[in-house]
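My numbering puts the first residue of the sequence shown at 621, with every later residue one more than the last.
Glycine included, each C-beta is placed from N, C-alpha and C at the ideal position.
Since we're looking at a predicted model, the values are computed, not measured.
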Amino acid sequence: MARQAGERRPVGIVIPAYGHPQFLAEAISSACEQDYPAPVYVVVVDDQCRFEDTARVSVGLQEAYPGKLFYLRQKNTRLPGARNAGIRFLLAMDNEIDAIFLLDADNRLMPHAMQRYRDVLGDDERIGWAYPDIAFFGLSRVDDGVDIRETAPEYSVLKHLNGNISEAGSLVRADLFRKGVLFDEEMKFGLEDWDFWLTAVEAGYRGVRARDCGFLYRRRPESMIADSQRMTTGWLDRLRAKHSSLLSPRAVVRHEHEEAPAFAIWLVDSDRVHLTSDPYAPGRVVDLATFRQMAAAWIERPEEVFFPTHVFAFQNATWDMVRAGSRVLRYLFWRLRNEEHGLRFLKIGRSRSFALLRKKELIEEVHFACWNTDHLAALAASSHRAEGSSSGSLVPDDYESGIWAQTNMHLFECPPVADLPARMDEFVATLRYAPALIHSRGRRFAGPLASKVREDTRETMSLTGIHYPYPCLLDDGPRHILAVRPDDLASSLGEQALGPIVQAMAAHGAFVVAAEGDTELDLKRIEGAKWLPPIAEIIPQKWQFSDGDHAIYLGRRLPIRSGTARVLSIPFQQADTVIVAGGIGSLEVLGSTRHYGARCIVLADERLPSFAKDPAAALHAILALEHAANEIWAGQQWIADALVARGVPAGKIAASERGLSAFYAG
């Protein structure tokens, strides 16, 4: 019989049963008594429960719910296998099944639950499941009987990577199962729900929150203890390894850009705000009034709401010029994001460089500004505490930013923004700290906290534990990074060694230079280089103050640049290819770089000044760390011979020209 337009299709409910037969009848009855305008099929999967009451209760209730309640008994497979058995049974029983709910045997549903869940799930095929706020009963932590845990008001992949925000008591679109997304039956001892949802995310699905959906979760003392112990096993490491594609630095930056952009770029003369995690990506554009509303929501509910970590204020013309003329814009944004300072004013000087303005009396010369939004929230909160006062000034009278090295830019001069500090203060003055009303002390947000998600991203995505992912979305094809000393870039012999590599690789993707040294790269020194135009981006990383250590390898001292190397490892993680020229510090992180899928190459060429200065030291560094590289390109035959004589496999070494040709042939 053909269905009418808009008519509901059947839904199913799977109840795995193993233990707790005293609660099973309540779960079954609540599932079978749903007020739903289409058939509701309920299947109890007896996972070889040792209690006879499980079978007795299930079979007995079949008489009360004929054609609606079904009972299966199988060999014990634990929870994932029992759920899969129920899902497969329902899909085979009726090919019109529209969605399937997962109900544990000790939980319950209110009569309106399926209708509410299905309304929220909607008809967007990209929405794979509707997850609940969790209303607890049984062992309660409150006196008034209302004990509700809210997780994610809006679904977020970024939050889901940080913790499981979807309770198993969710309604799942049946097509998700039909496409092969099922529970991993090897995840028998915990985290099976979280694993299932991440598998659904990898298949292109997203969740949606179902508020007040009638799902009741029984809290028992033993379940609370079990929940606290699950994360102490090795299953969390297994989960992360299994879903590494979602947790890679590239993927995390993409998730952040889509759900929680790190940067707000305020164009002050048009009152438009660009929200992005990459200054070269378009992102979302909102007007200033909308951005103020976003800021107010974040100040009121910082635990729930994502908000950019930094706001940049530009004139339109300055912003357009910086994006078009700068090769270090991503590096600048990344560097400012990793700083703790609340406020930065910058100017573009005659030397075509970015420099900080250190005194308030100089701020009328500012070209653009950047401030940490925690500074913004603190001002709004202090205004709330000082009743009747204004929100205060972003720029205090005693403003002094401290010393910050110049970052050279290939830019032309632009007019300063004379009223930028005043415009910023005007923005802050519109904000008021107004905490959201609490409707019930028993209704609480249970995370994960938005701020903690960002912090955990920073801690898990980098070797340093203190740097955020590099702000690159990789929309420009393959990404190749050359790590090199500044002197090598500025010399004519270095140009002979590096030029062919730059030209060839830039024709097959975005080419980036990471310049590490005791001084930052001065772009004016390489303006005339023939190979400069193809370079899309430059990362000028000065050696860290902690880079004075050394190690001993085969009786010889080996300088350690771990501070610099670990910082540069972060952009390396998002590259397809990393070429390290000579024996520089970046060699130290090639092993971790390969872990993220990059092809790692060491270039040894006596035309590079850094190599020619001490060839023996450069070869020693390469020899100590060559195991981390996929291959070594030798600029001269004597270098290849020397490495082979010291034990490096000959098959790992190629002449630079031959290595480059083989790179593209392979």
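Taking C-alpha atoms, which residue in the options lies nearest to residue i?
i	options	result
Lys967	Asn958, Ala647 and Leu952	Leu952
Leu1243	His1100, Val1264 and Glu1226	Val1264
Arg839	Phe757, Gln694, Pro1235 and Glu1226	Phe757
Arg693	Tyr900, Gln668 and Ser1230	Gln668
Leu741	Thr896, Cys833 and Val1222	Cys833
Lys1162	Pro1153, Ile1146, Ala1149 and Arg1186	Arg1186
Ala684	Ile648, Ala702 and Arg858	Ile648
Trp814	Arg860, Pro773 and Ala830	Arg860
Met941	Leu887, Glu960, Gly962 and Arg955	Leu887
Ile1101	Ile1086, Leu1113 and Met1125	Met1125
Asn782	Ala1070, Val1209 and Ala1042	Ala1070
Val1104	Ile1159, Arg1145 and Ile1086	Ile1159
Ser868	Arg1278, Tyr1216 and Arg746	Tyr1216
In or out: residue i buried (at least 16 other Cβ within 10 Å) or exposed?
i	result
His987	buried
Gln1257	exposed
Pro881	buried
Gln1193	buried
Arg716	Residue identity check: residue 716 is Glu in the sequence provided, not Arg. Its Cβ having fewer than 16 others within 10 Å, Glu716 is exposed.
Pro1068	buried
Ser776	buried
Pro686	exposed
Glu1075	exposed
Asp1018	Unreliable placement is indicated for Asp1018, whose pLDDT of 48 sits below 50; the coordinate value is still reported in the next sentence. Exposed: under 16 other Cβ atoms inside 10 Å.
Between the alpha carbons of residue i and residue j, how many angstroms are there, rounded?
i	j	result
Leu711	Phe926	39 Å
Val660	Ser864	37 Å
Ala1262	Gln935	56 Å
Asp1234	Asp1108	14 Å
Gly1271	Ala1241	19 Å
Ser1166	Ala1201	The pLDDT assigned to Ser1166 is 49, lower than 50, so where the model puts this residue is not dependable; a value taken from the coordinates is nonetheless given after this. Those two C-alpha atoms are separated by around 22 Å.
Ala917	Lys695	51 Å
Thr1077	Glu672	48 Å
Arg826	Val873	18 Å
Thr938	Asp718	54 Å
Lys808	Leu856	13 Å
Pro1154	Val1133	11 Å
Tyr1090	Thr819	26 Å
Arg1219	Tyr656	56 Å
Ser1281	Ala1275	10 Å
Ala1135	Trp954	16 Å
Asp1196	Leu729	50 Å
Ile1221	Phe1283	10 Å
Glu806	Leu699	10 Å
Phe803	Asn704	6 Å
For the alpha helix (DSSP H) containing residue i, list its first residue and its last residue.
i	result
Ile707	Arg698 to Met713
Val1122	Ser1112 to Ala1126
Arg943	Asn936 to Gly945
His877	Pro869 to Glu879
Gly1211	Leu1210 to His1215
Asp898	No alpha helix (DSSP H) holds Asp898; DSSP gives it neither H nor E.
Pro657	Premise fails: Pro657 is in no alpha helix (DSSP H) and is neither H nor E.
Tyr737	Ala733 to Leu741
Can you find the residues in the same chain that come closer than 7 Å, C-beta to C-beta, to residue i, ignoring five residues on each side of it along the sequence?
i	result
Trp1151	Glu1115, Leu1118, Gly1119, Val1122 and Gln1123
Leu1094	Arg870 and Gln1194
Thr674	Ala637, Pro641, Leu644 and Asp666
Thr993	Phe927, Pro928, Thr929, His930 and Val931
Ser848	Model confidence at Ser848 stands at a pLDDT of 42, short of 50, so the residue's coordinates are unreliable and nothing is read from them.
His877	Thr896, Ser897, Asp898, Ala901, Gly903 and Leu1093
Got a sec? Which residues, its chain only, sit under 6 Å from residue i by beta carbon, not counting five neighbours each side?
i	result
Ile633	Ala651, Val662, Phe721 and Leu723
Gly1097	Gly1129
Glu1226	Ala1232 and Gln1256
Leu1223	Ile1199, Ala1201 and Trp1253
Thr910	none
Arg831	Asp753
Val801	Thr819, Ala820 and Ala823
At which residues does the beta strand (DSSP E) containing residue i begin and terminate?
i	result
His1100	Arg1099 to Val1104
Leu836	Phe835 to Arg839
Tyr951	Where Tyr951 is concerned, there is no enclosing beta strand (DSSP E), although the alpha helix (DSSP H) it sits in stretches over Leu949 to Asn958.
Ile1204	Looking at the DSSP string, Ile1204 is not in any beta strand (DSSP E), and its letter there is neither H nor E.
Leu796	Not the beta strand (DSSP E): Leu796 falls in the alpha helix (DSSP H), residues Ala794 to Arg798.
Gln1161	Ile1155 to Lys1162
Glu1251	Glu1251 to Ala1254
Return the chain-ordered list of same chain residues with a C-beta closer than 8 Å to the C-beta of residue i, the five sequence neighbours on each side being excluded.
i	result
Ala658	Glu627, Arg628, Arg629, Pro630, Val631 and Asp718
Glu822	His863, Ser865 and Leu866
Arg798	Leu711
Asp889	Gln935 and Asn936
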